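Enquirer: In the UniProt record's numbering, the protein residues as written are 1 to 335.
No residue lacks a Cβ here, since even glycine has one placed at the ideal position from N, Cα and C.
This structure is a prediction, so every number in the text was calculated from the model and none was measured.
One structure coming up, written as structure tokens, with questions to follow.
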Amino acid sequence: MRYTTLEHAGNGEKLARHIFSGDGRILLSKGVPLTVGLISKLRDMGVRGVYIEDSRFADIPQEELESETTKRKIMEAMAAAGPLLSGSTLHDYRDLSESAESLIEEIIANKDVLASITDIRSADNELFLHMLNVAMISILIGVHMKLDRGKLKELAVGALLHDAGKLEPSVTEQDDKNHHAWIGFNLLRKASGVSTLSAHIALAHHEHPDGSGKPRGLVSKDIHLLAKIVSCANRFDRLHSSGELPHTACETIMALSGTELDHAVVWRFMRAVAFYPNGTQVKLSNGSTGMITRQHAGLPQRPVIRLLEKSGSELSYEEVDLAEHTTLFIERVFS
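Written out as structure tokens, the structure reads:
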């Protein structure tokens, strides 16, 4: 499997990952051959790139923090929460809470897997996939910070609903009182199945340790740790979804440490997220090109790379482990 932009996707190449709708339905299944018409439709949907099958890299492990079943369940529950936020029944919050438990279980079981944001986004699924990705990264950070199960549950629910205020049609960002964080908090604090702390995550996920955040301008000592975690995960996923490659998004996160983001949270984040996800094509400082094939837990900047010839063909499966070749560096990422 490898990632390619739609501009470089070829007619007849097969999808390596499902493309989901906003409510968790599969719009295009993995294995479907791309056509000129499909590529055009994907572009109209706001999709920038896709993962395609590539026999040269069929053996590359595609490690996931969460199962596809859990992912779909959560997206369905979040889609159902939209009408709920306008005053529907409370049943869907319980569904979301149960899904959060499943997500926590899977991430604890895979805590040594570096988080990679590999879902294909479209205008339809952007908000729900964003909230799911923020929850996934937040939980992984929480696990690395050794939070207890109760706090992980409140973190997961708060992260899954941190942008709940954006589901309210009347939301505006013209002043702090109408900021989506306030609106989300006021919706969630009245709901059964959402703790006060989870609701406060929605309120405080745009606050900054240096006091420059919104909507209340809190300083570090007044911001709960769980909100600081979600703030970091939220910033990373927003950077990534706006078109930044993972490694440049991570560099931005590092630059914000101690000002807009909490230093201790960033330190854990940097050890939990893949700078260069598997399937990424890169150029090394010695001029070689290759594909990322494996990750090292705790060393996200030093993955294993399978070398390629200039033509793009395999180079006898020769691999370079950057954790061992300390003088080699990734010089360029091919998007």
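If you follow the beta strand (DSSP E) that Glu126 is part of, which residue opens it and which one closes it?
Expert: Numbered from its first residue, the sequence shown carries residue 126 at position 126. Note, Glu126: premise wrong, no beta strand (DSSP E); alpha helix (DSSP H) at 126-144.
Enquirer: Starting from the Cα of Leu152, find the closest Cα among Ala164, His130, Leu187, Ser102 and give me that residue.
Expert: As a first step, residue 152 must be located in the sequence shown, where it is residue number 152. Closest by alpha carbon: Ser102.
Enquirer: Over the uninterrupted alpha helix (DSSP H) stretch that includes Arg48, give me the two end residues.
Expert: Translated into positions along the sequence shown, residue 48 becomes position 48. Where Arg48 is concerned, there is no enclosing alpha helix (DSSP H), given that its DSSP letter is neither H nor E.
Enquirer: So, is Glu324 buried or exposed, given that buried needs 16 or more other C-beta atoms within 10 angstroms?
Expert: In the sequence shown, the residue the question calls residue 324 occupies position 324. Its Cβ having fewer than 16 others within 10 Å, Glu324 is exposed.
Enquirer: With distances taken between CB atoms, is the gap from Pro246 to Pro277 smaller than 8 angstroms?
Expert: On the sequence shown, residue 246 is found 246 positions in, with the first residue counted as 1. On the sequence shown, residue 277 is found 277 positions in, with the first residue counted as 1. Result yes, Cβ atoms of Pro246 and Pro277 sit closer than 8 angstroms.
Enquirer: Between His8 and Ser21, what straight-line distance do the alpha-carbon atoms span, to the nearest angstrom?
Expert: Taking the first residue of the sequence shown as 1, we reach residue 8 at position 8. Taking the first residue of the sequence shown as 1, we reach residue 21 at position 21. In a straight line, the C-alpha of His8 is about 23 angstroms away from that of Ser21.
Enquirer: Could you name the residues that DSSP lists as bridge partners for Tyr3?
Expert: Along the sequence shown, one-based indexing puts residue 3 at 3. BP columns for Tyr3 point to Tyr51.
Enquirer: On a CA-only basis, which of Leu129, His206, Phe236, Leu239 is nearest Ile223? Give me that one, please.
Expert: As a first step, residue 223 is located in the sequence shown; it is residue number 223 there, counting from the start. Of the listed residues, the one whose Cα sits closest to Ile223 is His206.
Enquirer: Where Leu15 and Met145 are concerned, what is the direct C-alpha to C-alpha distance, given to the nearest angstrom?
Expert: Translated into the one-based positions of the sequence shown, residue 15 becomes position 15. Translated into the one-based positions of the sequence shown, residue 145 becomes position 145. One C-alpha to the other measures close to 36 angstroms.
Enquirer: Give a yes or no on contact between the region 212-220 and the region 194-201, applying the rule of three or more CB pairs nearer than 8 angstroms.
Expert: Output reads no: the region 194-201 does not touch the region 212-220.
Enquirer: Measure the alpha-carbon distance for Arg72 versus Thr327 and round it to whole angstroms.
Expert: Reading the sequence shown from its first residue, position 72 is the one you call residue 72. Reading the sequence shown from its first residue, position 327 is the one you call residue 327. Spanning the two alpha carbons is a distance of roughly 42 angstroms.
Enquirer: Expressed to the nearest angstrom, what Euclidean distance is found between the alpha-carbon atoms of Thr231 and Leu188?
Expert: Within the sequence shown, numbered from 1, the residue matching residue 231 stands at position 231. Within the sequence shown, numbered from 1, the residue matching residue 188 stands at position 188. One point to set straight first is that residue 231 is Ser, not Thr, in the sequence displayed. Cα to Cα, Ser231 sits roughly 18 angstroms from Leu188.
Enquirer: Using the Cα positions of Arg294 and Lys190, report the straight-line distance between them to the nearest angstrom.
Expert: Within the sequence shown, the letter at position 294 stands for residue 294. Within the sequence shown, the letter at position 190 stands for residue 190. The alpha-carbon atoms of Arg294 and Lys190 are separated by roughly 45 angstroms.
Enquirer: Can the beta-carbon of Glu331 be found less than 8 angstroms from the beta-carbon of Leu299?
Expert: Looking up residue 331 in the sequence shown gives position 331. Looking up residue 299 in the sequence shown gives position 299. No, the pair does not count as a contact, with Cβ atoms beyond the cut-off.
Enquirer: Do you know how far the Cα of Leu322 is from the Cα of Arg302?
Expert: In the sequence shown, counting from the first residue as 1, residue 302 sits at position 302. In the sequence shown, counting from the first residue as 1, residue 322 sits at position 322. Rounded to the nearest angstrom, the two C-alpha atoms are 5 angstroms apart.
Enquirer: Would you say Tyr3 and Gly49 are within 8 angstroms of each other, going by their C-beta atoms?
Expert: Translated into the one-based positions of the sequence shown, residue 3 becomes position 3. Translated into the one-based positions of the sequence shown, residue 49 becomes position 49. Closer than 8 angstroms, so yes.
Enquirer: Which ranges does the alpha helix (DSSP H) cover as unbroken runs of at least 4 residues, wholly within the region 248-296, from first to last along the chain?
Expert: The region 248-296 contains these whole alpha helix (DSSP H) runs: 263-269.
Enquirer: In terms of residue numbering, what span does the beta strand (DSSP E) encompassing Glu331 cover?
Expert: Start at 1 with the first residue of the sequence shown, and residue 331 comes out as number 331. Here the beta strand (DSSP E) through Glu331 covers 330-334.
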